[in-house]
Every structure is written in C-alpha cells, then in structure tokens.
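One structure is given below, encoded as structure tokens.
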Amino acid sequence: MRVLILPTPRHFNFWRTIYSHGWCSLPPFRVEKEHIRLRRLLTLPGGHVVAAIIRENEKGSLSIILPADKTIGKKDCDAIRASIRTCLRFDEEYSEFYTEARRHKEYRWIPKAGAGRLLRAPTVFEDVVKMICTTNCSWALTEIMVGNLCTKLGVQVNESLFTFPIPEAIAEKNESFLRKEIRSGYRAPYLLELSRRVAKGDVHLESWRSSSLPTEELFEEVRSVKGIGPYAAGNILKLLGRYDYLGIDSWCRKKFFEIHKNGRTSSDKVIERFYEPFGKWRGLFFWLDVTKHWYDKKFPF
DNA sequence: GCGTCCAGGTCTACC
DNA sequence: GGTAGACCTGGACGC
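Here our numbering = 1-based position in the first sequence + 195.
This is the structure we're talking about:
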C-alpha cells in the first residue's frame, strides 16, 4: 500500500463534493459507505490502470491510497494527484460565488457548508457520455447504460472493477451493439458518432475545460454534439466550471416548484427569472437550491 | 406472465 | 421561432 497526501483548498467539504450529484454512484466511481471513502479507477497516461481510494483526513487533507506497485513512478503519482484535483475541482476559485451567496440570507448556508464543487470525471469525454446517458430516462436506466459501457467496453481490473471505456473502444463497435448490449436505445447513434469524432481527433472535448470562448459560444459548441440539448449542455457547462445555464430537467423543475411555489407548477421562464439576479452563478444556485435537502443525511443515496 | 401506458430530453419535419 | 411526433427503455399497473 502506498499513500499520497493531497492538501485541500479552503472551504472544501469532501462529502458534499462527492455527493454533489449522481456521478459518485456511477462507475468507475464507487462510494464505499462501510469505510466512508471513495474509490475511483484511474487510467494513467501510459495506459496503466490504478484503483485509487480517496479518504478524508482529520485536518485539511485527503489520503489517496494506492496498491503497492513498484511500477507506479513519480510521474504516475503526479498524474494521480492531478486527476483527483480535477475530479474534486481543487483548482477552481469559488470566493466570488461565496461572496454572492453571503449577500442572500437564504443562501448563507452555502459557504458555511463548503458546498458548490460538483464532482466530475477525469475526462470531459466521460462526463459527456454519461450526460447523454441521463437524457430522457430514469436514473436506473442511466446506471444500467453506464454500467454496461464499463463492463463491456472498459478494461477489467479485477472481478468487479472496470474502467470507463476510451473513445476508441466505443468507436469500434456498431450501433446494434450499443443498442442491444449497452441498452442505450436511440442514443446509440449519438454515442457512436461522438466517440468516432473524438477518436479521429475531429473534436477536442478536453479543450472545453480551458476554453477561452464566451460561455454562450461554448454552450453552442456543446449543443452541436448530437444528443445534447439544452438540459445536457447546461449541466455539462457546470462540469466545465461555467454556471450561466440552469440545465433544467423534470426532477429539478418539480423540486423548484415544491420549494418556491408550494407545488404550483408553471413554465421554465418562471425558474429562469427567479435565478436571473444570480448572474453567472445562477446555475449553481439553482442546483444547490433543489438539492439542499440531500445533505440532511450523510449518504443521500 | 403478458400487454398497455407513462415518463423522461432531443431530434426532425412541418407550419 | 414554435410545435408535434418519433425515438427507446424500465417500471407501474391491470388482467
């Protein structure tokens, strides 16, 4: 066993970040509730796969626990640290967001709780594929699709651990396989087209995280991927660190009207007007608003 | 066990 | 620009 220590930024809350949305329950993430830790499979630049366990220490740091493996060198350790920092959003600046939250009595809980960081995958490709798998279906079906992608197209590490597939692994399959084996239904051609474009180098999803494009233009670029509409694009932008879009889905819509309108439903324009004053942070205020109740429990799901 | 209906976002064709 | 219908699956429900 080998342990890397990773210092955490100010206002960082480990469990709120892990449970910021549903990604922690989709492989290759896995919450190990009995040990109060997160497991994540990481594919290193040389192709080597490592099962990392991330645990919170008592004060201001995390432990990344790796298997005893002499082939994991210093460069690999740096890559592992970088991956975890990326997933947990260590390099993003939230002080402006917290200042905005403190201005509103009903949102002062946010900086106190250290909420706001949304868990993401090491790669944009994984985030985008997973987001397509959340569209127009139940969460149970999303879990089935992502589970199948990993077990049938990922790299097997042990009996129950599989990596998320690389674009090439999906690209070399056909639509019928994705429909029948992955159970992705009509999303199959979307996943196939995206994977083939990424594998061929026609589209560079990873550059979205450092894009200098104005958010509206980046939104349109994300929307240009087949299968990604306003909901999916809005939520992908949140994982890219841009919170200007709400990314409303049926669950959030229902929750908003329960919280703010006594359950009386209305149009999405009402929701958009409600969060307009929060400017470029409105998507994050919206998400934290509708999920605030999750944190009444240590393990919300 | 089987058939029917519904919910869930996005795309395409049409107005 | 707005709208209707198709896409596909799992789950709920009735028989």
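Beta carbons are placed, not taken as given, at the ideal position from N, Cα and C, and that holds for glycine.
Exposure of residue i, with buried meaning 16 or more beta-carbon neighbours within 10 Å
i    : result
S256 : exposed
Y381 : exposed
F451 : buried
K325 : buried
W476 : buried
V417 : buried
A263 : exposed
Residue i - containing beta strand (DSSP E), residue span
i    : result
E288 : Counting along the chain, E288 falls outside any beta strand (DSSP E), and DSSP gives it neither H nor E.
A246 : V244 to E251
V198 : R197 to P202
F224 : F224 to E227
R232 : R232 to T238
Between the CA atoms of residue j and residue i - distance to the nearest angstrom
i    : j    : result
L432 : E253 : 33 Å
E367 : D491 : 44 Å
K228 : F494 : 8 Å
L413 : S406 : 8 Å
R211 : E295 : 19 Å
F209 : L261 : 19 Å
G349 : G342 : 10 Å
R448 : P306 : 24 Å
R235 : E471 : 36 Å
G429 : G478 : 8 Å
S215 : S419 : 27 Å
R297 : E354 : 48 Å
I231 : I213 : 11 Å
F496 : F359 : 22 Å
Heavy atom of the ligand ZN within 7 Å of residue i beta-carbon
i    : result
A274 : For the ligand ZN, the structure offers nothing, since it holds no ligand at all.
Closest Cα partner of residue i within the set the options
i    : options                   : result
F469 : E338, H455, V417 and G309 : H455
C345 : L237, S258 and S445       : L237
F292 : L201, G458 and F481       : F481
F357 : K347, A364, K464 and I365 : K347
Y438 : P409, E367 and L199       : P409
I279 : W403, Q351, N430 and L239 : L239
R284 : G309, N353, T294 and A296 : G309
I365 : K464, Y385, Q351 and A296 : Y385
Y426 : R197, C328 and R374       : C328
R250 : T486, D264 and L233       : L233
I200 : S215, R276 and G241       : R276
R374 : G349, I361 and I339       : I339
T486 : E467, W446, G458 and G241 : W446
H498 : W218, E376, I231 and D286 : The question about residue 498 has no answer here: the residues shown for the chain are numbered 196 through 496.
C282 : I361, A316, R404 and F372 : A316
K395 : I377, E376, E411 and P362 : P362
Range covered by the alpha helix (DSSP H) that runs through residue i
i    : result
L344 : W334 to L348
E471 : No alpha helix (DSSP H) contains E471, which DSSP labels as neither H nor E.
T410 : T410 to R418
S371 : E370 to K375
L261 : From DSSP, L261 is part of no alpha helix (DSSP H) but of the beta strand (DSSP E) over S256 to L261.
K450 : S445 to H455
F359 : Neither: F359 is in no alpha helix (DSSP H) and is coded neither H nor E.
Query raised in the report: How do the region 263-272 and the region 234-247 stand: do at least 3 beta-carbon pairs fall below 8 Å, yes or no?
Result: Counting Cβ pairs under 8 Å, three or more are found: they touch.
Query raised in the report: Looking at C-beta atoms only, is the number of pairs between the region 318-328 and the region 371-391 that lie closer than 8 Å three or more?
Result: Cβ pair count under 8 Å is three or more, so yes.
Query raised in the report: Do the region 209-227 and the region 289-303 touch if we need at least three Cβ pairs shorter than 8 Å?
Result: These segments do not touch.
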